[in-house]
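Notes follow the structure.
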Amino acid sequence: MVSYNPAVIEAKWQKIWEDHQTFKAEDFSDKPKYYNLVEFPYPSGAGLHVGHVRAYTSLEVLSRKRRLQGYNVLFPIGFDAFGLPTENYAIQTGEHPRVVTDRNIEIFSSQLKKIGYSFDWSRVIDTTNPEYYKWTQWIFLKLFENGLAFRDKTYVNFCNGCRVVLANEDFREGKCDRCGSEVVQMQKDVWFLRIREYAEKLLDGLNEVDYLPRIRLEQENWIGKSVGAEVDFKIKDTDDVLRVFTTRPDTLYGATFMVMSPEHPYLHKYHNQIENIHEIHHYQIESQKKTEFERVQLAKEKTGVELKGLKAINPVNNQEISIWVADYVMMGYGTGAIMAVPGHDTRDWEFATKFNIPIVEVIKGGDITKEAYTDTNDGILVNSELIDGLRVKEAIEKITDMLEAKGLGKRTVNYKMKDWAFNRQRYWGEPFPVVHCSDCGIVAVPEKDLPVTLPVVERYEPTDTGESPLATIEEWVNTTCPKCGGKAKRETDTMPQWAGSSWYFLRYIDNKNNEAFASKEKLNYWGQVDWYNGGMEHVTRHLLYSRFWHRFLYDIGEVPTKEPYAKRTAQGLILGGDGDKMSKSKGNVVNPNDIIEEYGADTLRTYVMFIGDYEKPVPWNENSVKGSKRFLDRLWKLQEMVTNQKGFSKELETTMHRTIKKVSQDLEEMKYNTAVAALMTLINEFYDYGSVTRDELKVFIILLNPIAPHITEEIWNLQGYEGMLNQTQWPTWEEDKTVEDIIEIPVQINGKVRAKVNVAKDADEISVKKTVMNDENVKTFIENKKIIKEIFVPGKIYNIVVK
RNA sequence: GCGGGCGUGGCGGAAUUGGCAGACGCGCUAGACUUAGGAUCUAGUGUCUACGACGUGGGAGUUCGAGUCUCUUCGCCCGCACCA
21 MVSYNPAVIE AKWQKIWEDH QTFKAEDFSD KPKYYNLVEF PYPSGAGLHV
71 GHVRAYTSLE VLSRKRRLQG YNVLFPIGFD AFGLPTENYA IQTGEHPRVV
121 TDRNIEIFSS QLKKIGYSFD WSRVIDTTNP EYYKWTQWIF LKLFENGLAF
171 RDKTYVNFCN GCRVVLANED FREGKCDRCG SEVVQMQKDV WFLRIREYAE
221 KLLDGLNEVD YLPRIRLEQE NWIGKSVGAE VDFKIKDTDD VLRVFTTRPD
271 TLYGATFMVM SPEHPYLHKY HNQIENIHEI HHYQIESQKK TEFERVQLAK
321 EKTGVELKGL KAINPVNNQE ISIWVADYVM MGYGTGAIMA VPGHDTRDWE
371 FATKFNIPIV EVIKGGDITK EAYTDTNDGI LVNSELIDGL RVKEAIEKIT
421 DMLEAKGLGK RTVNYKMKDW AFNRQRYWGE PFPVVHCSDC GIVAVPEKDL
471 PVTLPVVERY EPTDTGESPL ATIEEWVNTT CPKCGGKAKR ETDTMPQWAG
521 SSWYFLRYID NKNNEAFASK EKLNYWGQVD WYNGGMEHVT RHLLYSRFWH
571 RFLYDIGEVP TKEPYAKRTA QGLILGGDGD KMSKSKGNVV NPNDIIEEYG
621 ADTLRTYVMF IGDYEKPVPW NENSVKGSKR FLDRLWKLQE MVTNQKGFSK
671 ELETTMHRTI KKVSQDLEEM KYNTAVAALM TLINEFYDYG SVTRDELKVF
721 IILLNPIAPH ITEEIWNLQG YEGMLNQTQW PTWEEDKTVE DIIEIPVQIN
771 GKVRAKVNVA KDADEISVKK TVMNDENVKT FIENKKIIKE IFVPGKIYNI
821 VVK
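Heads up: the first sequence at position 446 corresponds to 466 in this note's numbering, and the numbers run straight through without jumps.
Below you can see the structure in the form of structure tokens.
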């Protein structure tokens, strides 16, 4: 027999699949549909990583299994190709990002094909292709038309040395990664998307999808909903009120001062009344200078300044209280001001202690002279007049009713999630389909003029004014207003990397459509993504952003379902052999190409599935790769042991049924490691038994096919089974054949296994007891002792307690 | 600080969900075949003071029975982070 040569048979079958378009997903087939989605890669210059292999092989296995189960499977791939690494590379080399991207996509595609993935390559997409980003722009226009895109000021990271805007990933601890200069916050007018308006819908939607619990939780935490009330505090000697948000209106009687964030507009509005306005200005400047890093790192020590000349009135007891400015209050959350309750909030307590502000106890139970008492779920209110003696929950309701009745406040919901800053001052991204007209303002480019394509530029560096390099191309920037025909300028910012990936799964459904991002018919047929797998690093923002866009498209009638993904899972990281994260600088990166070259793609796939718990991080182990290769070698040699006996041999029947069941179920639960282990156990049994029947081998290679498709298809062919393996059917098991007729059960005496007895699998307690009591070991252990209790768990154990 | 997760042999990990701890693989030991072995095959491999006892980070508890449940403690990982 020829020996197992992965290089030859893998190339052979990959060509056959490609020539036959074996894995092409059919629109509108009679079979039930199944849409498996994996996160499309960013085609970096480094090429494919074993992490990609772990991420993709999982749904690859399930896609192949689904096809054998009779489904019409859509399993597509594409490239998320806009982004900084390519642009930075272009800046360094002068090579156009288009050229770099095309080359990288070429490399990635050939690597993915070498692994033998059953992607439908006819549906491949590239987010940087104008035919693709035409529709990214189109969706933006819809958001804009519906009032969900707006301009506002924000701070961008500006490097004083390079004179460019940096992404968050490009600097650390306030210093530019490239030149080491100080990075400052520069104010700029940019685009935002109103994702906050969708906060409630995005939370609700989580109820109708099947996400891993930790993924769902991260979504909920990111949205950060909190229910409370807005309360107005009168500012003494003015007609104004200072509005605050609180989740604990019940503690209102304990509010002994107020704090505004340094960015609060009242500081400017009342600069004439604030006696120490210079001191305040100084504080504002100081806190603005603090980078985000410092604001967090130096958070231990509270700072702040009292506003002299301004006082607030506590609305429930008319007490005059001081107002402070401090940077522990953020402008971006709530109203940018708080009522401070030092008795029951740790931060307020620290602040009050430092500045000698009165601390009042309003909830019984703690010792507020030592620390804030915050564990107040079941607390009883004190020092609170009308709500004294109530429990926290009741007090919140009563006082809020009261505030609402008097017009002093109202119930409110707040979200941590901020609106989505939707901009980059970079070249390699989607241009915004809008122009700025001096007469008409911001005007949308008409749909018929889409896409607004990226012009060719000479240099890719952002300009030293913080604008994208597009700003320097006069003939592109200067245009006419679609509304009035007058002079106008194009928007020169580009969209962030998240844009193209926020809807890509819809384009796979109909990737060549020029009339729509996808046709209604095809959207209705393919519907929701059934199963989406990817990295934990994308389960907050990417997942949330794409859910937002999709929900918006649903609301305007463009897609058939509210939620884009019915199910979402995530794989664990593959670490280097040293247990550290793989990185170029550590030199512990494993290139899948090397593994394929030495052992073959089937070994790579088998090992990556066998490596460990799919959801957990796991170190790469080259030696273990050999174990997977050995397993496939043993499968190959199994061909010399095939007999012509029909069906399963008597001795292996139970194991066969059990293995079919185990593999079928484990793959669905992403327990790939135990599925492979079950197949290894089975092959060991074949060897122990000394032969394998044609039917046993057939079942075995079908079960292994999704994981190792080349070798199994080859053996299928060599052994002369009918047709192609990928056209056959997934095997089924019979439940009552998964258990032997006679089973061995342990006998415990006082908690220790003292004997094992063979009984019929469905034997009742009386007959089992008889067998147990006749056992010699049991007899010696219960001799001269009194039996206190006997427990029998059918099929599991017989337990005797003696004294 | 808050939220979540995890701790099992030399290593990666199993354990029908409260019922024989360590499946499967790696590594290791011994042997066979061999000019050779980083190939293959066979046997062994949790620990110890070994016919027995101990053993799932430590300590307690519930139970006939605990890796699994409860409490407590230690350690590690991930996410968010002055969120009012």
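Virtual Cβ for every residue (Gly too), placed ideally from N, Cα, C.
- For N797, the enclosing alpha helix (DSSP H) stretches over residues E796 to I802.
- For Y76, the enclosing alpha helix (DSSP H) begins and ends at V70 to L88.
- If you draw a 10 Å sphere on the C-beta of M350, you find fewer than 16 other C-beta atoms in it, and that means exposed.
- DSSP places F170 in the strand class (E or B) of the three-state scheme.
- Look at M278 here: in three-state DSSP terms it is strand.
- Counted as a single uninterrupted DSSP element, the alpha helix (DSSP H) harbouring W33 occupies residues P26 to H40.
- Remark: fewer than three beta-carbon pairs, one from each stretch, lie closer than 8 Å, so the stretch 406-423 and the stretch 228-243 are not flagged as touching.
- Inclusion of A519 and T148 in the CB contact set at 9 Å is not warranted, their separation being larger than that value.
- Shown here, R561 sits in a helix according to DSSP, grouped into three states.
- Annotated as proximal: G597 and W640, with beta-carbon spacing under 9 Å.
- Residue state for S342 is assigned as strand, using DSSP reduced to three classes.
- Boundaries of the alpha helix (DSSP H) harbouring K646: E642 to K657, taken from the DSSP string.
- With respect to the C-alpha of K670, the residue from K426, P378, D761 and K384 having the closest C-alpha is D761.
- From the listed residues L470, K134 and P61, the smallest Cα separation to G103 is found for P61.
- In the three-state scheme derived from DSSP, where H, G and I count as helix and E and B as strand, R198 is classed as coil.
- Apart from sequence neighbours up to five positions away, the residues of its chain that approach L410 with a beta-carbon distance below 6 Å are L401, ordered along the chain.
- With distances taken between CA atoms, T366 lies nearest to I379 out of T355, G356 and I379.
- In this structure, DSSP gives Q768 an extended state, which the three-state scheme calls strand.
- D146 sits away from G67, with the two beta carbons spaced by 9 Å or more.
- Here DSSP, grouped into helix, strand and coil, assigns T148 to coil.
- When only Cα atoms are considered, T473 and P451 end up about 7 Å apart.
- Distance from the CA of T271 to the CA of V279, rounded to the nearest whole angstrom, comes to 16 Å.
- For the pair A392 and R268, the Cα-to-Cα distance works out to about 14 Å.
- Around the C-beta of G363, 16 or more other C-beta atoms lie within 10 Å, and the residue is accordingly described as buried.
- For I333, the enclosing beta strand (DSSP E) covers residues V325 to I333.
- For Y54, there is no enclosing alpha helix (DSSP H); the enclosing beta strand (DSSP E) has its first and last residue at K53 to V58.
- Collapsing the DSSP output to three states places R510 in a strand.
- In the DSSP assignment, L401 falls outside any beta strand (DSSP E) and carries neither an H nor an E.
- Under the criterion of beta carbons closer than 8 Å, I727 and V81 qualify as touching, at roughly 6 Å.
- Going by beta carbons, K154 and L470 fall inside the 9 Å limit.
- When K823, P729 and S787 are compared, the shortest CA-CA separation from I135 is found for P729.
- Judged by DSSP secondary structure, E370 falls outside any beta strand (DSSP E) and instead within the alpha helix (DSSP H) spanning T366 to F375.
- When secondary structure is reduced to three states using DSSP, G554 falls in the strand class.
- In the three-state DSSP reduction, R118 falls in the helix class (H, G or I).
- Within the stretch 727-767, the complete alpha helix (DSSP H) segments at least 4 residues long are 729-738, listed from N- to C-terminus.
- Counting along the chain, K587 sits inside the beta strand (DSSP E) bounded by residues K587 to Q591.
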